[in-house]
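Under the UniProt record's numbering, the residues of the sequence shown are numbered 1 to 241, in order.
By construction, the Cβ of each residue, glycine as well, lies at the ideal position given by its N, Cα and C atoms.
Only a predicted model underlies this, so the values are computations on that prediction, with no experimental measurement involved.
Here the structure is laid out as structure tokens; the discussion comes afterwards.
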Amino acid sequence: MSEIEGVWVSLFSGGKDSSWALYRALEEGLDVRRLVTVHPAGDSYMYHVPATDLATLAAESVGIDLVDVEPDDFEAESVTDSSVQGDNELEPLEAALQELDDELEGGIAGVTAGAVESEYQTTRIEGLCDRLGCDLFAPLWEEKPRELADAMLEAGFEISIIQVAAHGLDESWLGRTLDRETLAELEELNEEYGVHILGEGGEFETLVVDGPHMDRRIELDYVTEWEGTRGQLRITDAGLE
């Protein structure tokens, strides 16, 4: 796919979108040597937030080394401009990728990303790749949400919903598996409330607990936490089966 020499790096949270981008990259024969997980300290315009610590287990199951970009790597600066905040959030990721570009034999040929519709995220990642002189592989970009979801299920992804924050999604959605029955309900909620079938914009967040690219399933113990109109799973224990 790429004429640029080097290896590939996957931006990876453990959620369905970044996991699908990684899976598709591996299916395409791209030489993915590192997964990179950013751990935001709080709400983020750029990154998947909940349960990113579980990306370590997912990476172990996938069998690719993981690089963590920790909250302490972010400059502690309060801004109200979302564009400025997005640029600030990108800086520690870019620094980590630059280090990998220097460290990995041949450097970074390309980066995978799980963006579906967010131009806010995609344009920043495109700019990052331009500055690094590498390619971007974004197989979800502007694809039809239901077709993407169906493709994930057909491939054998087991996807758990770990956070919800949208009208129409109540506490009963926490811990549910994203299967065809769930997708049918999401299509109804899309018509009634405008809920995005893939949860774009943080309407719901997910964790891929098993898939064809993983050697072992992630087993979770958790309790649910609900605050008015939103909630999440608090993971009490997790491990590989």
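DSSP beta-bridge partners of residue i
i, result
"residue 32", "8"
"residue 204", "164"
"residue 65", "34"
"residue 158", "210"
"residue 234", "223"
"residue 177", "160"
8 Å Cβ cutoff met for residue i and residue j
i, j, result
"residue 122", "residue 138", "yes"
"residue 207", "residue 172", "no"
"residue 209", "residue 158", "yes"
"residue 240", "residue 222", "no"
"residue 148", "residue 198", "yes"
"residue 64", "residue 33", "yes"
"residue 245", "residue 17", "The question about residue 245 has no answer here: the residues shown for the chain are numbered 1 through 241."
"residue 93", "residue 59", "no"
"residue 166", "residue 200", "no"
"residue 136", "residue 143", "no"
"residue 118", "residue 55", "no"
"residue 132", "residue 163", "no"
Same chain only: Cβ atoms within 6 Å of residue i, ignoring 5 sequence neighbours per side
i, result
"residue 68", "37"
"residue 19", "208"
"residue 31", "7, 8"
"residue 290", "The requested residue 290 is not part of the displayed model; the chain covers only 1 to 241."
"residue 174", "224, 231, 233"
"residue 107", "6, 101"
"residue 146", "197"
"residue 237", "221"
"residue 10", "22, 32, 35, 112"
"residue 194", "none"
"residue 185", "none"
Where residue i falls: helix, strand or coil (DSSP)
i, result
"residue 229", "coil"
"residue 183", "helix"
"residue 239", "strand"
"residue 198", "coil"
"residue 22", "helix"
"residue 70", "coil"
"residue 17", "helix"
"residue 148", "helix"
"residue 220", "strand"
"residue 55", "helix"
"residue 169", "coil"
Sequence-distant residues of the same chain with beta carbon closer than 8 Å to residue i, five excluded per side
i, result
"residue 15", "48, 114, 205, 206, 207, 208"
"residue 176", "160, 161, 182"
"residue 187", "146, 197"
"residue 219", "209, 238, 239, 240, 241"
"residue 156", "210, 211, 212"
Any non-hydrogen atom of the ligand PLP closer than 7 Å to residue i Cβ
i, result
"residue 61", "The model on display carries no ligand, and the ligand PLP is accordingly not part of it."
Cβ neighbours of residue i in the same chain (closer than 7 Å, five flanking residues each side left out)
i, result
"residue 216", "61, 240, 241"
"residue 109", "2, 4, 5, 6, 7, 8, 134, 135"
"residue 192", "168"
"residue 66", "35, 37, 55, 56, 59"
"residue 180", "153"
Alpha helix (DSSP H) runs wholly inside the segment 74-146, at least 4 long, in chain order
Counting only runs of 4 or more, we get 82-103, 119-132.
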